[in-house]
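Chemist: Quick one: this structure, given as structure tokens, is what I'll be asking you about.
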Amino acid sequence: MVVDTVDTARREQGRRGFSDIMTFDPPDDTSPATTGLLDFVFAEVWSRPGLSRRDRRFVTLACVADADAPQPLDDHVYAALNSGDVSIVEMREAVLHFAVYAGWPKASRLNGVVDAQWARIHAERGTEAPPPEPLLPLTTASDPEERLQGGERHFAEINCLPFAPARDNPYQGAGILNFVFGEMWVRPGLDMKARRLITVACVAFQDAPIPIDSHVYAALKSGDVSFDEMDELALHFAVYSGWPKASHLNGVIAAQQARVRAEREAA
Amino acid sequence: MVVDTVDTARREQGRRGFSDIMTFDPPDDTSPATTGLLDFVFAEVWSRPGLSRRDRRFVTLACVADADAPQPLDDHVYAALNSGDVSIVEMREAVLHFAVYAGWPKASRLNGVVDAQWARIHAERGTEAPPPEPLLPLTTASDPEERLQGGERHFAEINCLPFAPARDNPYQGAGILNFVFGEMWVRPGLDMKARRLITVACVAFQDAPIPIDSHVYAALKSGDVSFDEMDELALHFAVYSGWPKASHLNGVIAAQQARVRAEREAA
Amino acid sequence: MVVDTVDTARREQGRRGFSDIMTFDPPDDTSPATTGLLDFVFAEVWSRPGLSRRDRRFVTLACVADADAPQPLDDHVYAALNSGDVSIVEMREAVLHFAVYAGWPKASRLNGVVDAQWARIHAERGTEAPPPEPLLPLTTASDPEERLQGGERHFAEINCLPFAPARDNPYQGAGILNFVFGEMWVRPGLDMKARRLITVACVAFQDAPIPIDSHVYAALKSGDVSFDEMDELALHFAVYSGWPKASHLNGVIAAQQARVRAEREAA
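Protein chains in written order, with our numbering: chain G, 1 to 267; chain Y, 268 to 534; chain A, 535 to 801.
Rendered as structure tokens:
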């Protein structure tokens, strides 16, 4: 006879954590991947203090939208909206922010999932989804030169840098200055901390060496994300995007914390 | 005694193909990955007729920029520019196009690699890199309402669809209509076929189900990419982004070819 | 005063597990990502019975080579070779197998890492790396028609299917039949179980819907990977490529186990 060595208290905590966070019942199967999900991810990680449940939502949403698994994506979009942790206006802005940092095809799917899960929540509640917020007027300038100037100013502020990139390069000028920092980052509807969390998750799965350094630095330097929150983010990210990328992120965080600390001491 | 059964004619063809395409000497090591690269990728794939060498450059560049391996990225950017197959203006527009379809962090790295390899080529030639093309004036409208209207029109034309998405959604309105189709796709400097090839590669590695269908359809429907070229693209993509994703792409291509053929017959 | 609630026995087990598996000392930092790595990944996952340590190596290597984090990749290649769990001949064949299922750019980097870590191991031991094995005699035909015929036969055998794909499509003919099954899968130097484990990890991170079904099915149907080993693989994969993709894989495994079980009962 096989002795059952399941730690039942831990499993029970995982099941309660799952129900609470996902807003529906945990799965019943006993496969290693599912029991690991309950015993580790929901019993131990989500309940840790360093990062709020709302903050963890934005990291999770970015990671599952990158990961391409249909069911987890549906489930996490549903849970974020159904719990009330993320409003529909914030969620729709998050899709645009994610599009920039993870690519439009994945964002297109996420956009469709948001529509479907928002409709499902209203169907379950017997209510009607409110009409979308009107897009116009934009809060940013229309004139190309003014947009570029705004983009240069916002780029420097948001990245905590004393300069902006050169304009006469399509990626930097028409892209980064004109759209990404000239318009997208400064749209209303989503607070700066949420934008930082999504961005850090995205640069961590996209793997390019300089953006991961610069966005971890700016999130810490601006004070939008505390040192402890950023440490905790690396563990949460490990669960949803895998340990190798998280190990790399963890090393980047340590280096950028040292850099910000040195700058504060020198100030 | 081990009889060396290397097919020397095939190996020689691979070495010649490598030199010709990469514009530098092939590696000398005899590891299976390197000999497979020579015997299959360079002896058999790049030399196939279905897709021109220039066309293969755009697919390759998108795939290696997604794949995050530094040396292959340096090598393929260098080879595309050094061979003259892709001009620096086209390459810089390709970076912006890639940013939208694969995510800005990866594009940021690609942008830096282009700068470095372009400088290297000029250093090797003892020449000076010409100054960048000026960004302004934009060829697209500045007024937000006009940009959205232009975006709606270009979205329909480029996607070969009779409609455009709803505006009052940040992803679709501020993103797709205002920037992606309101500005990016219609910028000068890169022809429509090259944009199609980059896009198809990106939607194939991004994995979201609807964008891969719609962009393969539009590339075929518009006639910018022929049926045979698209079939050949799936093989080239397999080499650079892996067979599982290519297998999926190959199935999508067959379905979209059938759809376009049926529409042509019905017309 | 903060009471230290670390489970010291679990942490100690994690540190011992790390040393044993990685063949070097565990990190000393107490960041959440590192303590999670010790307390969960090394204390609990690697020591589970369902999958041997050697089997876990092949899954891990594929996942870290996909994940693009430089240090974890160096570390796991080093550990796999230094422990003796994977021989250099097997490792070099694994790189070629990985190239096909994850794309050549990532494999090219992996190939370089293998060279560097193999040299490092010999430097540490004060020995000289043996000369590379002469490229093993190809067991496959040179004649194109014979290669295609062999590819069709091996495709059916390895995929446990009664048919092979049509030849007259570049992806399927020149790619799948001529090279992937006409040559790569039947090379000597790496056993079928290791090839199955690498392939399942790759189709799980590549996300294409049909290859994940067909390769999980074939691994189970052939008996090369047992039902329990495959269940365990999903948990190991969760750690290295993230839970969303692993949840999807876990669902595919359940479905393919049911399919194989039904076929066995019907036989």
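All residues carry an ideal CB built from backbone N, CA and C; glycine is no exception. Model, not experiment: these values are computed from the prediction.
Excluding the 5 residues flanking Val270 of chain Y on each side, which residues of the same chain have their C-beta closer than 6 Å to its C-beta?
Modeler: Confidence at Val270 of chain Y is low in this model, with a pLDDT of 39, below 50, so its placement is unreliable and the value that follows should be read with caution. Taken in chain order, the list of residues that qualify is empty.
Chemist: Given a threshold of 16 other Cβ atoms within 10 Å of its Cβ, counted over all protein chains shown, does His656 of chain A qualify as buried or as exposed?
Modeler: exposed
Chemist: Determine, using beta carbons only, whether Met268 of chain Y comes closer than 8 Å to chain A.
Modeler: Low confidence applies here, because Met268 of chain Y scores a pLDDT of 31, under 50, leaving its location unreliable and the question unanswered by this model.
Chemist: Is the number of C-beta pairs between the stretch 748-763 of chain A and the stretch 648-663 of chain A that are closer than 8 Å three or more?
Modeler: no
Chemist: Give a yes or no on whether the minimum CB-CB distance between Gln338 of chain Y and chain G is below 8 Å.
Modeler: Output row for Gln338 of chain Y: interface = no.
Chemist: For Ser481 of chain Y, which of helix, strand or coil comes out of DSSP?
Modeler: Three-state DSSP puts Ser481 of chain Y in a helix.
Chemist: Please report the residue range of the alpha helix (DSSP H) in which Pro566 of chain A lies.
Modeler: For Pro566 of chain A, the enclosing alpha helix (DSSP H) stretches over residues Pro566 to Gly570.
Chemist: Along the alpha helix (DSSP H) that carries Phe365 of chain Y, what are the first and last residues, could you check?
Modeler: Ile355 to Ala369
Chemist: If we ignore side chains and look at the alpha-carbon of each, how far apart do Ala234 of chain G and Pro566 of chain A end up?
Modeler: 7 Å
Chemist: Run through the stretch 280-351 of chain Y for me and flag every whole alpha helix (DSSP H) of 4 or more residues, listed as ranges in chain order.
Modeler: Fully enclosed alpha helix (DSSP H) runs of 4 or longer: 299-303, 320-334 and 337-349.
Chemist: For Trp243 of chain G, return the contacting residues in chain B, with the cut-off set at a CB-CB distance below 7 Å.
Modeler: Given the protein chain composition of this structure (G, Y and A), no chain B is represented.
Chemist: Of all the options G:Val100, G:Trp46, G:Trp185 and G:Val114, which has the alpha carbon lying nearest to the alpha carbon of Asp75 of chain G?
Modeler: G:Val114
Chemist: Let me check understanding here. Comparing Cα to Cα, which of Y:Met289, Y:Gly509 and Y:Ala525 lies closest to Gly351 of chain Y?
Modeler: Y:Met289
Chemist: Asn784 of chain A touches chain G at which residues, Cβ-Cβ below 7 Å?
Modeler: Ser31, Ala33 and Thr34
Chemist: Contact between the stretch 718-729 of chain A and the stretch 490-497 of chain Y: three or more CB pairs below 8 Å?
Modeler: Contact fails: fewer than three Cβ-Cβ distances are below 8 Å.
Chemist: Start and end of the alpha helix (DSSP H) containing Ala768 of chain A?
Modeler: Phe761 to Ser775
Chemist: Enumerate in chain order the residues of its own chain whose CB-to-CB distance from Lys640 of chain A is below 7 Å, with the five nearest sequence positions on each side excluded.
Modeler: For Lys640 of chain A, the CB contacts under 7 Å within the same chain, skipping 5 residues up- and downstream, are Ala599 and Asp600 in chain order.
Chemist: Distance, Cα to Cα, Met535 of chain A vs Arg167 of chain G?
Modeler: Annotation note: pLDDT 37 at Met535 of chain A (below 50); position unreliable, no value reported.
Chemist: Please return the same chain residues whose Cβ sits closer than 6 Å to the Cβ of Asn517 of chain Y, not counting the five positions on each side in sequence.
Modeler: Ala501
Chemist: Within the continuous alpha helix (DSSP H) that includes Gln149 of chain G, where are the two ends?
Modeler: Pro144 to Asn159
Chemist: Grouping DSSP H, G and I as helix and E and B as strand, with all else coil, what is Val467 of chain Y?
Modeler: helix
Chemist: Compare the C-alpha of Thr564 of chain A against each of G:Ala116, G:Thr30, G:Ala156 and G:Ala254 and name the closest.
Modeler: G:Ala254
Chemist: Within the same chain, show all residues whose beta-carbon is closer than 8 Å to that of Leu682 of chain A, passing over the 5 residues directly before and after it, in chain order.
Modeler: Arg701, Gly707, Leu711, Asn712 and Gly716
Chemist: For Thr674 of chain A, count the other beta carbons within 10 Å of its own beta carbon; 16 or more makes it buried, fewer makes it exposed. Which is it?
Modeler: buried
Chemist: Where does Asn436 of chain Y fall in DSSP's three states?
Modeler: If DSSP states are grouped into helix, strand and coil, Asn436 of chain Y belongs with coil.
Chemist: Are the C-beta of Trp638 of chain A and some C-beta of chain Y separated by less than 8 Å?
Modeler: yes
Chemist: Does the beta-carbon of Phe422 of chain Y have 16 or more other beta-carbons within 10 angstroms, so that it is buried, or is it exposed?
Modeler: buried
Chemist: State yes or no: is the C-beta of Met184 of chain G within less than 8 Å of the C-beta of Leu96 of chain G?
Modeler: yes
Chemist: Please report whether the beta-carbon of Val759 of chain A lies at a distance below 8 Å from any beta-carbon of chain Y.
Modeler: no
Chemist: Taking the alpha carbon of Leu38 of chain G as the reference point, which residue from G:Ser19, G:Asp55 and G:Arg54 has its own alpha carbon closest?
Modeler: G:Ser19
Chemist: Between Ala69 of chain G and Pro583 of chain A, how many whole angstroms is the CB-CB distance? I'm expecting something under 8 Å.
Modeler: So it is not a contact: roughly 27 Å between Cβ atoms.
Chemist: I want to verify the contact list: residues of chain A whose CB lies under 9 Å from the CB of Gly50 of chain G, in sequence order.
Modeler: Pro566
Chemist: Check distances from the C-beta atoms of the stretch 615-636 of chain A to those of chain Y and list, in chain order, the residues that come in under 7 Å.
Modeler: Arg626, Glu627, Val629, Leu630, Ala633, Val634, Tyr635 and Ala636
Chemist: Give the straight-line distance between the Cα atoms of Arg588 of chain A and Arg730 of chain A, rounded to the nearest whole angstrom.
Modeler: Those two C-alpha atoms are separated by around 13 Å.
Chemist: How would you call Ile744 of chain A, buried or exposed, if buried means at least 16 neighbouring beta carbons within 10 angstroms?
Modeler: Its Cβ having fewer than 16 others within 10 Å, Ile744 of chain A is exposed.
Chemist: Report the option in A:Pro696, A:Ile622, A:Gly757 and A:Leu695 whose CA atom is closest to the CA atom of Ala663 of chain A.
Modeler: A:Ile622
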